[in-house]
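Novice: Okay, handing you the structure first.
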Amino acid sequence: MLRAASADPELARQLGGSPFDDDAAAAAFIASRYRHDDHARNWAVDDGTGTVVGSVGVTSVEYGHGTAWISYWLAPAARGRGLATRALVSAAEDAFALGLHRLELGHRTNNPDSCGVATRAGFAAEGIERERLRYGDERFDVETHARLATDPAPDVRPLPIAATES
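With the working numbering, the residue at position 87 of the sequence shown is 87, and numbering never jumps.
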C-alpha cells in the first residue's frame, strides 16, 4: 500500500522525496519510521474493508510535560471520506489515555484539507511557523494546531485503528 500511495507526488515528497521503487524499499521505510512503544505509537488506517489506506501516529512522546506530536496521511483515493479525521480522533484518545495532556500537529499552510482534518478532530489552530518544513529545495510555512486533554471531545466517531508491525 505504501508503495502505491507514494506514486502520488505530494505524498512522495512528504515521505522522503520519491516513490518507493519496490516493496523492499517500502518495508525498509516502515521499519525505520513507524514504531509502537513508549515514545511512539503508529497505526495503519484501514478503510473498513481490510485495505490499509494510510497512517496516523503519535510521536515524540514526552511524559515529563505530557506532550506529543501527532501526524497523519492518507492515500489520495481514500481522502474525502472522514477517515483521517476519525483516525486522528482515535489516536488522540489513545494518547490522552496514556496520561498525555497536550498533542500538537502541523500542516503546510497550502494544505487546507489537512487543516480541515485537524479542526474537525478538535485541534485548535495556534499560529504560523514560517518556513518550518523543507521538502527538497522548497520551504513551507506550517500552521500549528493543538488539542488538550481538557478540551471538549469533538463530535466524531473514532475509527478503529490497528497497530503497525515493525
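No residue lacks a Cβ here, since even glycine has one placed at the ideal position from N, Cα and C. This one's a predicted model, so the numbers in the text were calculated from it and none came from an experiment.
May I ask you to report which of helix, strand or coil DSSP gives residue 99?
Specialist: Judged by DSSP in its simplified three-state form, residue 99 adopts coil rather than helix or strand.
Novice: Just curious, the alpha helix (DSSP H) that residue 120 is in, first and last residue?
Specialist: 112-120
Novice: What does a CB cutoff of less than 6 Å around residue 47 pick up in its chain, not counting 5 residues either side in sequence?
Specialist: Cβ neighbours of residue 47 beyond the five flanking positions: 53, 78.
Novice: Out of curiosity, what's the CA-to-CA distance linking residue 156 and residue 135?
Specialist: 32 Å
Novice: The beta strand (DSSP E) spanning residue 57 covers which residue range?
Specialist: 52-62
Novice: Taking 8 Å as the cut-off, does the stretch 84-92 touch the stretch 128-142 (at least 3 CB pairs, one atom from each stretch)?
Specialist: no
Novice: What is the DSSP secondary structure of residue 3, reduced to helix, strand or coil?
Specialist: For residue 3, the predicted structure reports a pLDDT of 49, less than 50, and the residue's modelled location is therefore unreliable. A value from the coordinates is still provided. Three-state result, residue 3: helix.
Novice: Does the beta-carbon of residue 87, which I'm using as the reference point, lie nearer than 6 Å to any heavy atom of the ligand PLP?
Specialist: Absence of the ligand PLP from the depicted structure is noted, as is the absence of any ligand whatsoever, leaving it without description.
Novice: Using only CA atoms, which one of 50, 80, 94 lies nearest to residue 112?
Specialist: 80
Novice: CB-CB under 6 Å to residue 114, same chain, minus the five flanking residues each way: which ones, in chain order?
Specialist: 107
Novice: So the beta strand (DSSP E) residue 123 belongs to, where does it begin and stop?
Specialist: No beta strand (DSSP E) contains residue 123, which DSSP labels as neither H nor E.
Novice: Cα separation between residue 61 and residue 49?
Specialist: 31 Å
Novice: Does the distance from the CB of residue 147 to the CB of residue 68 come in under 7 Å?
Specialist: no
Novice: What first and last residue would you give for the beta strand (DSSP E) that runs through residue 146?
Specialist: Per DSSP, residue 146 belongs to the beta strand (DSSP E) from 138-148.
Novice: In terms of DSSP beta bridges, what is residue 38 paired with?
Specialist: Paired residue(s): none; residue 38 is not in a bridge.
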